[in-house]
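Student:
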């Protein structure tokens, strides 16, 4: 067997030549082998990685940075200590994984002690740390452009981290220092110099997460609605740092109706509010501003993504043995996925995915139903089935995850859920939707006779109106609130944003003509998110 030889004149220890057994130089491409430890990232990322023969762009044919794939090594040679800094005892594959971790924004600020603790939490190897980071990047579009269709207001984040908001502003949730509605995307100028990597929207509330792990909030001055009492009237009209989180490096925020949840860099979940009766495992006052670590099994299991429904929370966990989903909160309708309708005060593993042989890679929590995309591209839904939002051809509830059979020939890479609506994005960039057709938010634009509302869709249908844009869709976001008419965003690979559905408050980013309150077909929002 001929081993790749290091170039003596090359200053980088990561470049190798592929040589033949006779010693002659060869430019034949090496076939990258995806290791089981890294194969849990999304199918879209895997296909992208496999298409790259040298991922940094500067390499000549036949030259391959080891960091391009830390699993390129498949023999004992690469498992031996490599005798390279920063750790002379690490193998080449471990060094390559560490090198890739060091290029990630969330990893760079860590101290050496924090990195070692992080490694142990992920399972004890840098390859597992890299898998954890990549899984979070894949399901949350971390450090990429994104659009959020909130309840009456909208958020758009550019690749560079600038934030635009528009729509309803009754509580200052647009962050512009006023209570005036905005019908066109407007940049939040007070965030100049701060790069935002993730955003979340709730009823009258907005939260933004920066690349430094800081969280900014504005709108209603609370982390959740009071369940059986009047809500406080204080509002915040410009982004304010959440002081109680400044010592925790946050990478994601999710807003439910009665609570807010945040996810730390190390995969810990913290929640605010809704502490009466220990509904989320802690006892607090409704206006409590202190984060509480989500108690139970997830204290010792790293989480890569969280998703908040009306009154429940889903967590996508990452362990050496694979990916799994936990749920906690209100169990009405079976939306916790455990085969019953009982509440759970502590996170509980959804066991059905193991029975279905599905490795979850993306989770979505609608108001009353939930969905998951598996590594193999299958889609599962469960919870309330009203209006056909589960895609099973009926309106029945499902108390455990069930595969959407009509999508078995579609390889899904992304799923989004709202108030009785569901969208699925395929690896080809096609979009399918099903569920409640109110407000034209499904994009099918089929008006029932004698009614200005749109037909409910019980099984997945291709959104042909998006197909006609000749753009590959990368992300869908739709309103996840029972109190607002829904609107939908479709973000393309090229950074173009299309909007449809309810637009009576300017949340579509354009003014509607005449007496219109909604748009049935996608229209381009004049903003470049690339």
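Numbering (this note's numbering), first residue to last: 15 to 544. Backbone N, C-alpha and C fix where the C-beta goes; we use that ideal spot for every residue, glycine too.
1) Name the DSSP bridge partner or partners of residue 217?
2) Can you tell me where the alpha helix (DSSP H) with residue 147 in it begins and where it stops?
3) Below 7 Å between beta carbons: does that hold for residue 487 and residue 504?
4) To the nearest angstrom, how far is the alpha carbon of residue 415 from that of residue 428?
5) Excluding the 5 residues preceding and the 5 following residue 11 in the sequence, name in chain order all residues of the same chain whose CB lies nearer than 6 Å to its CB.
6) How is residue 284 classed by DSSP in three states: helix, strand or coil?
7) For the region 354 to 361 against the region 374 to 394, are there 3 or more C-beta pairs whose distance is under 8 Å?
8) Determine the burial state of residue 255: buried for a count of at least 16 other Cβ atoms within 10 Å of its Cβ, exposed for fewer.
9) Taking the continuous beta strand (DSSP E) assigned at residue 537, which residues delimit it?
10) Using the three-state DSSP reduction, which class does residue 133 fall into: helix, strand or coil?
11) Under the three-state reduction of DSSP, which class applies to residue 343: helix, strand or coil?
12) Tell me the rounded alpha-carbon separation between residue 406 and residue 207.
13) Roughly how many angstroms separate the alpha carbons of residue 236 and residue 222, rounded to a whole number?
14) Quick one: what does DSSP say residue 31 is sitting in, helix, strand or coil?
15) In terms of residue numbering, what span does the alpha helix (DSSP H) encompassing residue 115 cover?
16) In the DSSP assignment, find the alpha helix (DSSP H) that holds residue 480 and state where it starts and stops.
17) Apply the 10 Å Cβ neighbour rule to residue 58 and answer buried if 16 or more other Cβ atoms are within range, or exposed otherwise.
18) What span of residues does the beta strand (DSSP E) with residue 369 cover, start to end?
19) Residue 161 and residue 511: beta carbons closer than 7 Å?
20) Verify whether the separation of the beta carbon atoms of residue 274 and residue 189 is less than 7 Å.
21) Closer than 8 Å is the cut-off here; do at least three beta carbon pairs connect the region 141 to 148 with the region 159 to 176?
22) Beta strand (DSSP E) containing residue 447: first to last residue?
23) Taking all protein chains shown into account, do 16 or more other C-beta atoms lie within 10 angstroms of the C-beta of residue 323, making it buried, or fewer, making it exposed?
24) Check each candidate in 225, 216, 199 and name the one with the smallest Cα separation from residue 209.
25) Let me check understanding here. Comparing Cα to Cα, which of 493, 402, 410 lies closest to residue 470?
26) Closer than 6 Å by C-beta to residue 2: which residues in its own chain qualify, once you throw out the five before and the five after it? Chain order, please.
27) According to DSSP, residue 516 sits in a beta bridge with which residue or residues?
28) Secondary structure at residue 330, three-state DSSP: helix, strand or coil?
29) If you draw a straight line from the alpha carbon of residue 387 to that of residue 376, how long is it in whole angstroms?
30) For residue 474, which residues from the same chain have a beta carbon less than 6 Å from its beta carbon, with the 5 sequence-adjacent residues on both sides left out?
31) Pull up the distance between the alpha-carbon of residue 542 and that of residue 353, whole angstroms please.
32) On the CB-based measure, 16 or more other CB atoms within 10 Å of its CB, does residue 534 come out buried or exposed?
33) Compute every distance between the C-beta of residue 391 and the non-hydrogen atoms of the ligand GTP, then say whether any falls below 6 Å.
34) Tell me where the beta strand (DSSP E) around residue 394 begins and ends.
35) So does the region 321 to 340 actually touch the region 261 to 275, counting three or more Cβ pairs closer than 8 Å?
36) Would you mind listing the beta strand (DSSP E) stretches within the region 400 to 440 that are 3+ residues and don't spill past its ends, in chain order?
Tutor: This is what the structure holds:
1) Note: residue 217 sits in no beta bridge, so no partner.
2) Residue range 140 to 154 is occupied by the alpha helix (DSSP H) that includes residue 147.
3) Taking 7 Å as the Cβ cut-off, residue 487 and residue 504 qualify as a contacting pair.
4) Near 16 Å, if we compare the C-alpha coordinates of residue 428 and residue 415.
5) A query on residue 11 cannot be resolved here, the shown segment of the chain reaching from 15 to 544 and no further.
6) If DSSP states are grouped into helix, strand and coil, residue 284 belongs with the strands.
7) These segments do not touch.
8) Burial call: exposed.
9) Taken as a continuous stretch (DSSP letters only), the beta strand (DSSP E) holding residue 537 covers 532 to 539.
10) Of the three classes helix, strand and coil, the one that applies to residue 133 here is helix, per DSSP.
11) Under the three-state reduction of DSSP output, residue 343 falls in the strand class.
12) Each residue's alpha carbon lies about 47 Å from the other.
13) Near 15 Å, if we compare the C-alpha coordinates of residue 222 and residue 236.
14) In this prediction, residue 31 scores a pLDDT of 34, lower than 50, which makes its location untrustworthy; no coordinate-derived value is stated.
15) 106 to 115 is the span of the alpha helix (DSSP H), which, as asked, contains residue 115.
16) Taken as a continuous stretch (DSSP letters only), the alpha helix (DSSP H) holding residue 480 covers 478 to 481.
17) The predicted model places residue 58 with a pLDDT of 48, which falls under 50 and marks its position as unreliable; any figure quoted below should be read in that light. With 16 or more other Cβ atoms from the protein chains shown falling within 10 Å of its own Cβ, residue 58 counts as buried.
18) Premise fails: residue 369 lies in the alpha helix (DSSP H), 366 to 369, not in any beta strand (DSSP E).
19) Contact flag set, yes.
20) No, the pair does not count as a contact, with Cβ atoms beyond the cut-off.
21) Inter-segment contact for the region 141 to 148 and the region 159 to 176 is absent: fewer than three beta-carbon pairs are separated by less than 8 Å.
22) Membership of residue 447 in the beta strand (DSSP E) is indicated by the continuous run 445 to 449.
23) The residue is buried, with at least 16 neighbouring Cβ atoms inside 10 Å.
24) Of 225, 216, 199, the residue nearest in Cα terms is 225.
25) Ranking the options by Cα distance to residue 470, first place goes to 402.
26) Here the chain has residues from 15 to 544 only, and residue 2 is not among them.
27) In the DSSP assignment, the residues bridged to residue 516 are 532.
28) If DSSP states are grouped into helix, strand and coil, residue 330 belongs with the strands.
29) About 5 Å.
30) 405, 420, 421, 446, 448.
31) Those two C-alpha atoms are separated by around 44 Å.
32) Burial call: buried.
33) As presented, the structure is devoid of all ligands, the ligand GTP included, so that no description of it is given.
34) Taken as a continuous stretch (DSSP letters only), the beta strand (DSSP E) holding residue 394 covers 393 to 397.
35) Three or more Cβ pairs drawn from the region 321 to 340 and the region 261 to 275 lie within less than 8 Å of each other, which places the two stretches in contact.
36) Whole beta strand (DSSP E) segments, 3+ residues: 412 to 417, 426 to 431, 435 to 440.
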